[in-house]
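Structure first, then comments.
In the working numbering, the protein residues as written are 14 to 385.
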């Protein structure tokens with residue numbers, strides 16, 4: 014309704030004003046405060062994620078929010094940034110070498126704890142973000158290509174475990190690599206058995222997913238199988254984007270959005286609204302702006318003198334890029350519906366405040382780019 018739309022707008026304006034204030038504050042804080050706050054913020058967010066499980070505010074079938082008086086916040090959003098800071102603090106230290114098993118396991122543990130707590134809510138889509146930000150940060154700080162391959166292989170095995178021949182093909186590649194890479198015997202045995210177990214237990218894990226999580230993946234593979242049920246969102250999103258054509262139908266003139274055929278159009282499917290109202294031109298302008306932001310972030314990571322700043326920047330770039338990729342891919346049917354918001358555009362205070370804070374950090378790093 015028009016009244017609910019006005020409420021959404023007024024609340025989002027409030028979050029935007031607060032976010033701009035936080036952005037400005039983050040920009041002006043002493044540079045070293047950001048590094049010093051990394052571990053305390055990480056511990057604080059672990060506590061908040063635990064509180065969500067026990068006293069969280071329930072919505073959409075999950076406990077993801079904490080209520081602070083009139084405000085309802087989602088700690089998992091800001092926990093992404095807190096995790097980036099903590100991981101960057103550890104792996105950017107001079108004594109840390111991710112190619113050593115001990116150091117790698119510590120870095121992986123920093124990712125693992127918030128990942129498990131978010132899965133417990135349950136919020137598998139947000140939990141995926143924690144895994145996604147890890148690998149680029151690890152690679153940026155010197156993780157060798159061979160070790161990178163061994164880390165990514167279990168994820169490939171997980172997806173291939175439902176296809177026996179694909180699974181066997183990947184296992185053969187893994188065995189050949191291990192035999193010809195002159196690894197120690199225990200590393201060969203550990204990786205071989207670990208990937209075998211991943212392939213065996215993935216179907217078991219699938220059977221223990223929540224029904225809505227299974228439905229999202231099934232509908233992603235074939236949305237037409239349930240056009241009036243679980244596949245409705247994706248199909249209506251495709252119709253909205255396609256109907257926008259080259260230049261769109263005009264602001265607030267889209268039939269799919271104005272007639273409420275498209276659910277969650279202010280959050281998960283905001284990209285479809287842009288596609289219908291502003292067409293190909295509108296979505297390309299939006300994606301181009303995101304691309305400029307990401308490229309500038311990568312450039313910043315390569316020129317800052319501080320190793321910590323460089324790694325944090327890569328983490329932030331990965332986080333924003335992953336959100337854009339998954340959200341846009343979700344609305345056009347390339348990815349399952351995950352609930353990941355489109356940065357800066359989707360409705361939601363927690364996500365917007367986190368995004369604004371990240372931009373403030375990047376601006377702070379650029380201002381202090383010559384500091385070690």
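Even for Gly, the Cβ is constructed at its ideal location relative to N, Cα and C.
Are there 16 or more other CB atoms within 10 angstroms of the CB of residue i, so buried, or fewer, so exposed?
| i | result |
| --- | --- |
| residue 195 | exposed |
| residue 333 | buried |
| residue 146 | buried |
| residue 14 | At residue 14, the pLDDT of 47 sits below 50, so the modelled position is not reliable; the number obtained from the coordinates is stated separately. That one is exposed. |
| residue 153 | buried |
| residue 86 | buried |
| residue 181 | exposed |
| residue 384 | exposed |
| residue 202 | exposed |
| residue 266 | exposed |
| residue 290 | buried |
| residue 130 | buried |
| residue 186 | exposed |
| residue 68 | exposed |
Reducing DSSP to helix, strand and coil, say where residue i ends up.
| i | result |
| --- | --- |
| residue 80 | strand |
| residue 16 | Because the pLDDT of residue 16 is 47, which lies under 50, any placement of that residue in the model is unreliable, and the number read from its coordinates should be weighed accordingly. Helix at residue 16. |
| residue 42 | coil |
| residue 317 | coil |
| residue 86 | strand |
| residue 160 | helix |
| residue 386 | With the chain covering 14 to 385 only, the question about residue 386 has no answer from this structure. |
| residue 258 | coil |
| residue 25 | helix |
| residue 106 | coil |
| residue 322 | helix |
| residue 270 | helix |
| residue 396 | Residue 396 lies beyond the stretch modelled for the chain, which goes from 14 to 385, so this question has no answer here. |
| residue 249 | helix |
| residue 116 | helix |
| residue 171 | helix |
| residue 198 | helix |
| residue 96 | helix |
| residue 291 | helix |
Just the C-alpha distance for residue i and residue j, rounded to the nearest angstrom, thanks.
| i | j | result |
| --- | --- | --- |
| residue 166 | residue 178 | 16 Å |
| residue 353 | residue 284 | 12 Å |
| residue 356 | residue 280 | 10 Å |
| residue 33 | residue 369 | 6 Å |
| residue 192 | residue 63 | 43 Å |
| residue 127 | residue 66 | 12 Å |
| residue 159 | residue 190 | 9 Å |
| residue 54 | residue 217 | 35 Å |
| residue 371 | residue 50 | 14 Å |
| residue 118 | residue 205 | 18 Å |
| residue 245 | residue 139 | 22 Å |
| residue 314 | residue 326 | 6 Å |
| residue 104 | residue 264 | 47 Å |
| residue 175 | residue 183 | 13 Å |
| residue 124 | residue 262 | 44 Å |
| residue 329 | residue 344 | 23 Å |
Run through the region 124-151 for me and flag every whole alpha helix (DSSP H) of 4 or more residues, listed as ranges in chain order. none
What runs of the beta strand (DSSP E), each 3 residues or longer, lie entirely inside the region 332-357? none
Within 8 Å, do at least three Cβ pairs link the region 370-384 to the region 321-335? yes
State whether the region 53-72 contacts the region 87-105, with contact taken as three or more CB pairs (one from each stretch) at a distance under 8 Å. yes
At least 3 beta-carbon pairs within less than 8 Å: the region 357-368 vs the region 20-36: yes
Would you be able to state if there are at least three C-beta pairs under 8 Å between the region 155-171 and the region 208-226? yes
Taking 8 Å as the threshold, find out whether the region 288-305 comes into contact with the region 247-264 through three or more Cβ pairs. yes
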